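Residue numbers (our numbering), protein chains in the order written: chain A, 1 to 376; chain B, 1001 to 1376. All C-beta atoms, glycine included, are put in the ideal place defined by N, C-alpha and C. Keep in mind it's a predicted model, so treat the numbers as computed, not measured.
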């Protein structure tokens, strides 16, 4: 009996060995594809090619009686690795004879974006607070001035900029857009565009990352910049600055604020976090992680996102009122009314609710794959 | 130039074809391992074997200059598939000559657990509301009576049970534990144990799923039941009923309530959910999914979890107070005090915050793998 098992396990060992060799071969091939693309100025990430390839592999999997979902998941994970290693060089879409100047280029976001400009061969300059005395010279021949300073200083820094060359592109990467865009339009008569990169500075590459674009003035003159970000793999989304800011208060500021409040609430309760984790199934572990992860990040960054959000106090007032209304139903033991209210919101979410359930459940299965029950 | 690229792509096609064949072979081997284990009464899931295997594969990956993380992620995904297909039969640890009776066996949780008892060969009976007239006969020779009815009826159903055989195990699977356990101890003089399976009824198998165990009376007589659940792959966690219930209000009821309130708040704002998703990076998409997924599920189930949570109104009062205190800082523009408060909670989370950040970021990378930017 145990020899049967040993025999089967030896076979599995052999298969896994071959699997690793295949992954090594595949990595060499995709690296060669990346070099070829760099050399010929082709975009790194081509969504259609990826979609086609996965559809073909799913068919092949079904034919071999292997789960198509399994094959797709494995290949997507392998592709992530190849994007991460393919990004050595990127072709440039702009003029390489004039510098890109990142104001606040030593900050996390500025450094991250600077790396990409440098990889595409742009002469790169950074301008920090201490360099302000030399700002005029630093910006005199700039092709692009990119403002990447903390959110609470963005508008002041824009207003303090010296005169830029008439054809220089002025852009910012702040997470609010209406006020900085207006400040840029006021300061500079040339091409102006507001950008909001929707990712943290720790992403290794920009494949599939979203950047929101708020058009200012002179789009033909900054088209090269948008094309450049697309070459790096980013997905661009046009949005009006006012719409963007309204949405971001709901997407970012309200979530950060309520998560911060939940963390402070757990502290106030003296909850034993290790015990909560020990008893948590993957879904509740993730709920706690969404709160806990906030407190591993920069307090000043989150304070600034929260303080800069227009109308946040009014929105929080509405949220509190919603909370109170529901709580009253619980206090009064009105189970039917609570269910009625639930149905009501269900109608608002519509088809999106089951779609988000499926999506997050699949993610939880992936979280569960990696879970080591010994660690809890 | 395009012929170079075609050549490389043909190689990638060939490699992927071989990969699919290897996955098919591996599935046949693990299915054979599963059959062997079933036939010899060996447990399906052996954490130590999994840990050893992964450590060996990581070394082999490093030697082949492939990312060890990539190989581990791929193999964990492959293992999930093999657990899902290995579970055809499970050896039994209890007496197969007397029936397991699931009260509420037609409900989602009852059906899910019933499948596992049936697969291990136990004679299975279910008892529903309409069958109550025959309860005495149905339970007369039971080895185990498992109460799996909705949370608001659990205690009443337990009290209404007829006399059970003296050595029959009485257990429940409700998500609160103190009151049902007391009701069971009052009703039955024999072995009693409270269980809380920490997973939804849609899990395909129990490998690594957590079940909380609250010991009642006569542990030697229900040891077979705990062993049985371990054979199915579950991880058992002992907990006192009071501790369990306190933790669950924080883990489940408060989170469900605040998520429900956030969904109702978004509706009240008339927020365009599709636009929010279009602008969301993976982390914010997940935040929205954690709210939206709630509304794809049973309103009655969530209402009952919320209504059954002792002290929920007091806890929500504390949460509201925390929210108000923080909001006052925002209203007063007290940035430094807000940062101070943030640091304070940071101290409470300690080392857990960066650990949860790492864990959830890795999960977000996996979410990002599967993201199709065309769909948004």
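Judged by their CB atoms, residue 1250 of chain B and residue 286 of chain A are not nearer to each other than the 8 Å cut-off. Within the stretch 53-82 of chain A, contact with chain B at the beta-carbon level (separation under 9 Å) is assigned to 53, 56, 57, 60, 61, 63, 64, 65, 66, 67, 69, 70, 71, 72, 73, 74, 75, 76, 77, 78, 79, 80, 81.
Using a Cβ distance threshold of 8 Å, residue 1342 of chain B and residue 45 of chain A do not count as a contacting pair. Between residue 164 of chain A and residue 139 of chain A, the gap from beta carbon to beta carbon is short of 8 Å.
In the DSSP annotation of this structure, the continuous segment of the beta strand (DSSP E) that includes residue 1195 of chain B starts and ends at 1192-1197. The shortest C-alpha to C-alpha distance from residue 1131 of chain B to any of B:1103, B:1110, B:1158 is the one to B:1103. Along the stretch 208-236 of chain A, the positions whose C-beta sits under 9 Å from a C-beta of chain B are 208, 209, 210, 212, 235, read in chain order. If the five residues before and after residue 43 of chain A are omitted, its C-beta is found closer than 8 Å to the C-beta atoms of 37, 230, 231, 233, all from its own chain and listed in chain order. Between residue 143 of chain A and residue 100 of chain A, the CB-CB gap stays under 8 Å. Among the CB atoms of chain A, none fall inside 8 Å of the CB of residue 1137 of chain B. Not a single C-beta of chain A is nearer than 8 Å to the C-beta of residue 1194 of chain B.
Sorting B:1281, B:1265, B:1330 by C-alpha distance to the C-alpha of residue 320 of chain A places B:1265 at the top.
Closest in alpha carbon position to residue 1260 of chain B, among A:324, A:30, A:191, is A:324. Taking a 10 Å sphere around the C-beta of residue 1299 of chain B, we find 16 or more other C-beta atoms and assign the residue as buried.
By DSSP's assignment, residue 171 of chain A forms a beta bridge with A:146, A:193. For residue 1021 of chain B, the chain A residues whose C-beta falls within less than 7 Å of its own C-beta are 64, listed in chain order.
Look at the beta carbons and you see the stretch 1348-1364 of chain B not touching the stretch 311-320 of chain A: under three pairs across the two are nearer than 8 Å. About 7 Å separates the CB atoms of residue 1201 of chain B and residue 1111 of chain B; that is less than 8 Å, so the two are in contact.
Within the stretch 192-249 of chain A, the runs of beta strand (DSSP E) that reach at least 3 residues and sit entirely inside it are, in chain order, 192-197, 210-217, 235-238. For residue 252 of chain A, the chain B residues whose C-beta falls within less than 7 Å of its own C-beta are 1284, listed in chain order. Taking a cut-off of 8 Å for Cβ pairs, the stretch 52-66 of chain A and the stretch 1052-1061 of chain B do not touch, as fewer than three such pairs fall below it. In the assembly as shown, residue 1160 of chain B is an exposed residue. Its beta-carbon has fewer than 16 other beta-carbons within 10 Å.
Spatial neighbours of residue 1172 of chain B in its own chain (CB-CB distance under 8 Å, excluding positions within 5 residues in sequence) are listed in chain order as 1146, 1147, 1148, 1154, 1158, 1180, 1181, 1184, 1194, 1195. If you check each beta-carbon in the stretch 1352-1363 of chain B against every beta-carbon of chain A, the ones closer than 7 Å belong to 1352, 1353, 1354, 1356, 1357, 1359, 1360, 1363.
Going by beta carbons, residue 1026 of chain B and residue 1071 of chain B fall outside the 8 Å limit.
Just measuring C-alpha positions, the residue of A:197, A:239, A:113 sitting nearest residue 124 of chain A is A:113. Collapsing the DSSP output to three states places residue 100 of chain A in a strand. In the three-state DSSP reduction, residue 1153 of chain B falls in the coil class, being neither helix nor strand. According to the DSSP assignment, residue 93 of chain A belongs to no alpha helix (DSSP H), since it is labelled neither H nor E. With respect to the C-alpha of residue 1134 of chain B, the residue from B:1211, B:1013, B:1162, B:1257 having the closest C-alpha is B:1162.
With a cutoff of 8 Å on beta-carbon distance, residue 1029 of chain B and residue 8 of chain A are scored as near each other. For the pair residue 305 of chain A and residue 175 of chain A, the CB atoms are nearer than the 8 Å cut-off. Annotation: residue 1314 of chain B has no Cβ neighbours in chain A at a cutoff of 9 Å; minimum Cβ distance is about 10 Å.
If you check the CB distance, residue 1022 of chain B and residue 18 of chain A come in under 8 Å. Between the alpha carbons of residue 83 of chain A and residue 207 of chain A lies a distance of about 7 Å.
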